[in-house]
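Student:
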Amino acid sequence: MKKRRGLTLLQKRNVKGFMFILPWLVGFVVFYVRSLFMTVQFSLSDMTMQEGGYALQWAGLSNYIYAFRVHGTFKQILTTSVLNMLVDVPLITFFSLFMAILLNRKFKGRTLVRAIFFLPIIMNAGAITSAMELARTMMSGGISSGGSEISDAAASGVNVAYFIDLFKNLAMPEKLLDYIVAAVARINDIISASGVQIIIFIAALQSIPGSMYEVAKIEGATAYETFWKVTFPMVMPHIITNVVYTVVDNFAVSDVVQLAYDTCFDKINYGLSSAMSVVSTVIVCVILVLVCGFIQKRTFYYN
Amino acid sequence: MQKIKMDAQTKNSLSAMQRGAKKGILGLAQFVVIVGICYVIVAPILGILVSSFMSDGDAYNPMVYMIPTSPTFQKYKTVIERLDYFPTMGRDLFYTLSLMVIQVFVCSMVGYGFARFNFPFKKLLFACVVVMIVIPTSTIMLPLYMTFRNFNPFGLATLIKGKSINLLGTPVPMYIMTFLGCGLRSGLYIYIFNQFFRGLPKEIEEAAFVDGAGVWYTYFRIMLVNAMPSVITVAVFSMVWQYNDTFYAKLFLIDEDIVISKKISSLTAVIANEDKILDTTIQQLYLDAGIILILVPIVLIYVFLQRYFIEGVERSGIVG
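Residue numbers (my numbering), protein chains in the order written: chain X, 1 to 303; chain L, 1001 to 1320.
This is the structure:
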């Protein structure tokens, strides 16, 4: 249709299309491209604030060397942040997939349950989170009994150590057990970090054509087989989306970001802070590329 | 003969029973998991709600559980006064909602531009949107801080005032960034809109074009109206995240009187100073009341939009 009208009209249309993205393009260049360059530049120099601007003095790699060789905690915090992330991401991804499947089924009170599940999304402000943490430890009795609950888990009637021993005696690998215990202990963090992921997975599940399940049923597939042969491959592309989202979200609140922030605005060491930011960003990007590449190879694309 | 028939019948009823039992057990398991997780989510909120009504005596009484013996509104009264609640909330809601409207317009425009037009380097530019989602804001915080501390677009400020303008301390930087499609999580919103517009049938636009509608008219009067599910999704997301955001508020030193979630973090100090309440346990009760107060509007809006929101998420372009 449009091609017959000639190229000029099409070109006109494309120029108009360019107008649509122009505000964003300007913003991207000014705030992102320029800022990224500036961060790298800051990290390679000594920076001092001046009236109406700042002065840079070329310092080579000294900020990086300082961060890795001299700084007391940077390496440790960086490693723990990255390790925590690597532990959390699969947990959050599978937990949210599991919850999405549960919430996608029809049952009484589904609307209410869904509303509750998305509550953590709307309450993720810093002040609220810390107060919540405190409130959680205070659930039994007045505030004064808060401390005692943590120290005396046996009082609640569940002897955690006994169960851990039980599973150890069943010859479960200790590493796996530790992982699971740690996951259960942080169930709250995981739940509150997986709101958006659950939404994405629910939307993904809704987009699977019903005819596929019909076919599976007619062919006599069990629920287990249906999950692995139909549901899982169909939501696979969204696992990448979720993993990327989780990594970014997790990183944004990690200790290493906090450290960079403190170094910048409390210790007023701009160069060092930039170096820290650059290092951690590069690491996150490498992780993202590796993980996405790994999943992408195994992903099945329906279209 | 009879025997065989009996056998078949019992077998049938047995397997039916088995199936029923299996279903029952699965249902029960599902019920337990859902109730358990709901409890984990709701319990702390309930705890905060309860302790915000506690009197000082209740806080130290270990016998008090969930139901305060002498509930009081006194904490709320003090906190409303100290937070200057209604004016601050009004300003914050204006700030949040205006940014939300800008987000929806700018991001939908950009998403539409990417979805329906062809221009050179389109793929590369869209990759930039993804980069925007992936790059943590903390990486670029220092340059942003510098940019707005010495704000001088094209040397205009120097031309007019003789020196660069310091925009920190005002919400202006946030507006500028949002207007240029680089606000809080704008990349994600652009992505959502792009996916949604790509899913709409092209025929709508062709019909509009044949009827003589221009590109802008088509976009505002036809496409944006059709994109309601994703508009609601983005609106809710951007409102909630903007409201809760403290990162940008801290970075741009935005005034506490505009960002209430920032004000709440200094509430305990204010209570300690002004009301001479130095007991941290009692301070916590005041903080709880403050938290309930700042949660109220956002929960109200959420409850109001909840149904549309979840429907919107299901139909909107989060899934490509």
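Glycine included, each C-beta is placed from N, C-alpha and C at the ideal position.
Let me check understanding here. Comparing Cα to Cα, which of Tyr1189/L, Ile1271/L, Asn1273/L and Phe1196/L lies closest to Ser1238/L?
Tutor: Ranking Tyr1189/L, Ile1271/L, Asn1273/L and Phe1196/L by Cα distance to Ser1238/L puts Tyr1189/L first.
Student: Helix, strand or coil: how does DSSP classify Phe1117/L here?
Tutor: Here Phe1117/L sits in coil by DSSP.
Student: Based on DSSP bridge pairs, tell me the residues matched to Ile1165/L.
Tutor: Paired residues: Phe1151/L.
Student: Return the first residue and the last residue of the beta strand (DSSP E) that Ser45/X is part of.
Tutor: It spans Ser45 to Gln50 - the beta strand (DSSP E) in which Ser45/X sits, taken as one unbroken run.
Student: Let me confirm a value: Gly210/X is counted as buried when at least 16 other C-beta atoms fall within 10 Å, else exposed. Which label applies?
Tutor: Flag for Gly210/X reads exposed.
Student: Report the neighbours of Gln268/X on chain L: residues whose CB is nearer than 9 Å to its CB, in chain order.
Tutor: Position check: residue 268/X holds Ile in this sequence, whereas Gln was assumed. Those do not exist, as Ile268/X stays about 11 Å from chain L at its closest Cβ, beyond 9 Å.
Student: On the criterion of 16 or more Cβ atoms from any shown chain inside 10 Å, does Ser1233/L qualify as buried, or is it exposed?
Tutor: The residue you asked about is not Ser; residue 1233/L is Thr in the sequence shown. Classification for Thr1233/L: buried.
Student: With a threshold of 8 Å, are at least 3 pairs of Cβ atoms found where one atom belongs to the region 266–285 of chain X and the other to the region 200–217 of chain X?
Tutor: Judged by Cβ distances under 8 Å, the region 266–285 of chain X makes no contact with the region 200–217 of chain X, as fewer than three pairs qualify.
Student: Can you give the Cα-Cα distance for Ala115/X and Gln41/X, rounded to whole angstroms?
Tutor: In a straight line, the C-alpha of Ala115/X is about 46 Å away from that of Gln41/X.
Student: Report the option in Leu1267/L, Val1299/L, Phe1114/L and Asn1118/L whose CA atom is closest to the CA atom of Pro23/X.
Tutor: Minimum Cα distance to Pro23/X is reached at Phe1114/L.
Student: If I follow the unbroken alpha helix (DSSP H) through Arg1198/L, where does it start and stop?
Tutor: Ser1186 to Gly1199 is the span of the alpha helix (DSSP H), which, as asked, contains Arg1198/L.
Student: Could you tell me whether the Cβ atoms of Ser192/X and Pro120/X are closer together than 8 Å?
Tutor: In contact: Ser192/X and Pro120/X (Cβ atoms closer than 8 Å).
Student: In whole angstroms, what separates the C-alpha of Gly1290/L from that of Lys1077/L?
Tutor: Those two C-alpha atoms are separated by around 10 Å.
Student: Given a threshold of 16 other Cβ atoms within 10 Å of its Cβ, counted over all protein chains shown, does Leu1184/L qualify as buried or as exposed?
Tutor: Buried.
Student: Which whole-angstrom value describes the C-beta separation of Pro1173/L and Phe1148/L, a residue pair presumed to lie in contact below a C-beta threshold of 8 Å?
Tutor: Contact flag correct, Cβ pair sits at about 4 Å.
Student: Under 7 Å, CB to CB, which of the residues in the region 1033–1047 of chain L have a partner in chain X?
Tutor: Cβ contacts with chain X come from Val1033, Ile1034, Ile1037, Cys1038, Val1040, Ile1041, Val1042, Ala1043, Pro1044 and Gly1047.
Student: Name the residue from Ile240/X, Ser254/X and Leu290/X whose alpha carbon lies nearest to the alpha carbon of Thr299/X.
Tutor: Minimum Cα distance to Thr299/X is reached at Ile240/X.
Student: Are three or more beta carbon pairs between the region 18–38 of chain X and the region 1124–1143 of chain L nearer than 8 Å?
Tutor: The region 18–38 of chain X vs the region 1124–1143 of chain L: in contact.
Student: For Ala182/X, list the residues DSSP reports as bridge partners.
Tutor: In the DSSP output, where bridge partners are listed per residue, Ala182/X has none listed.
Student: Give me the residue from Ser1261/L, Leu1287/L and Pro1136/L with the minimum Cα distance to Ile1271/L.
Tutor: Ranking Ser1261/L, Leu1287/L and Pro1136/L by Cα distance to Ile1271/L puts Leu1287/L first.
Student: Would you mind sorting Trp1241/L into buried or exposed? The rule is 16 or more other CB atoms within 10 Å of its CB.
Tutor: Trp1241/L comes out buried.
Student: When you compare the CB of Met1109/L with every CB in chain X, is at least one pair closer than 8 Å?
Tutor: Yes, contact with chain X.
Student: Check each residue of the region 1220–1235 of chain L: if its Cβ is closer than 7 Å to any Cβ of chain X, include it; give the result in chain order.
Tutor: If the cut-off is 7 Å between Cβ atoms, the region 1220–1235 of chain L has nothing near chain X.
Student: Shortest alpha-carbon distance to Ile1292/L belongs to which of Lys1011/L, Val1040/L, Tyr1085/L and Leu1180/L?
Tutor: Taking only the C-alpha atoms, the option nearest Ile1292/L is Tyr1085/L.
Student: Enumerate in chain order the residues of its own chain whose CB-to-CB distance from Tyr1217/L is below 8 Å, with the five nearest sequence positions on each side excluded.
Tutor: Here the set comprises Ala1208.
Student: When the Cα of Ala1227/L is compared with those of Gly1214/L, Leu1028/L, Tyr1248/L and Leu1200/L, which residue comes out closest?
Tutor: Of Gly1214/L, Leu1028/L, Tyr1248/L and Leu1200/L, the residue nearest in Cα terms is Leu1200/L.
Student: From Glu174/X to Asp266/X, what does the alpha carbon distance come to, in whole angstroms?
Tutor: Those two C-alpha atoms are separated by around 42 Å.
Student: Have a look at Ala1043/L, Ser1052/L, Gly1187/L and Asp1257/L and flag the residue whose alpha-carbon is nearest the alpha-carbon of Val1106/L.
Tutor: Minimum Cα distance to Val1106/L is reached at Gly1187/L.
Student: Could you give the distance in angstroms between the alpha-carbon of Pro1068/L and the alpha-carbon of Ser1051/L?
Tutor: Distance between the alpha carbons of Pro1068/L and Ser1051/L: 8 Å.
Student: So which residues on chain X does Phe1154/L lean against when the C-beta distance must stay under 7 Å?
Tutor: What Phe1154/L touches in chain X: nothing, since even the nearest Cβ is about 11 Å away.
Student: Going along the chain, which residues of its own chain have a beta-carbon closer than 6 Å to the beta-carbon of Tyr1243/L, five neighbours each way excluded?
Tutor: Excluding residues within five positions, the ones whose Cβ falls inside 6 Å are Thr1096 and Ile1298.
Student: Roughly how many angstroms separate the alpha carbons of Thr1178/L and Ile1102/L, rounded to a whole number?
Tutor: When rounded, the distance between both Cα atoms is 7 Å.
Student: Would you tell me roughly how many angstroms separate the C-alpha atoms of Met1033/L and Asp46/X, rounded to the nearest one?
Tutor: The sequence shown places Val at residue 1033/L, not Met. Each residue's alpha carbon lies about 55 Å from the other.
Student: Suppose only complete runs of 4+ residues qualify. What are the alpha helix (DSSP H) ranges in the region 1233–1307 of chain L, listed by chain order?
Tutor: Listed in chain order, they are 1247–1251, 1260–1263 and 1267–1274.
Student: Relative to the C-alpha of Val282/X, which residue among Lys297/X, Phe251/X, Leu259/X and Leu10/X is closest?
Tutor: The candidate whose alpha carbon is nearest that of Val282/X is Phe251/X.
Student: With a threshold of 8 Å on Cβ separation, who are the neighbours of Thr1246/L within its own chain once the five nearest residues in sequence on each side are excluded?
Tutor: Within the same chain, Thr1246/L has close Cβ partners Val1259, Ser1261, Lys1262 and Ser1265.
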